[in-house]
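If you're matching positions, the sequence shown starts at 21 in the numbering used here and goes up one per residue.
Every residue gets a Cβ at the ideal spot worked out from N, C-alpha and C, and that includes glycine.
Bear in mind that the values here come from a model prediction, so they are computed numbers and not experimental data.
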Amino acid sequence: MAFSDTDATIHILLVAFSTVVLLISVLAYTQRRSHRYLFLCLAFASLALSQIVELIEALFYSNQLMLIPDTGIHLSHFLDFLTLSCFSVALLVKSPEKP
């Protein structure tokens, strides 16, 4: 299957948008400094990293998935799991009550 210009554009846009959202979340964390915002930053960081990995897979590996050595786990799937885990923790973390 050949890599089309449309696929390249979509992958590049996904990397760009996920990076923008990551930067916004980092700015929000620097203002609030709460555990919830920290986990949101981690989630968006793993999302951006996942999109970069998928772009590399599409451009250089003909859409074959990269494996984490000695585990047999696909890197992009692990990053997706990490993203969902961080979003879940961010939703479940209780904010400290203010006096």
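S45 sits buried, since 16 or more C-beta atoms from the chains shown fall within 10 Å of its C-beta.
For I72, the closest of I88, D25 and L34 by C-alpha to C-alpha distance is L34.
In summary, Y81 is exposed, with fewer than 16 beta-carbon neighbours lying within 10 Å of its beta-carbon over all protein chains present. Non-local C-beta neighbours of V41 in its own chain, meaning closer than 8 Å and more than five positions away in sequence, comprise F64, L67 and A68, ordered along the chain.
Cβ-Cβ distances below 8 Å link A28 to A78 and L79 in the same chain, with the five nearest sequence neighbours on each side left out; the list follows chain order. Taking the Cα positions, S70 is about 8 Å away from H97.
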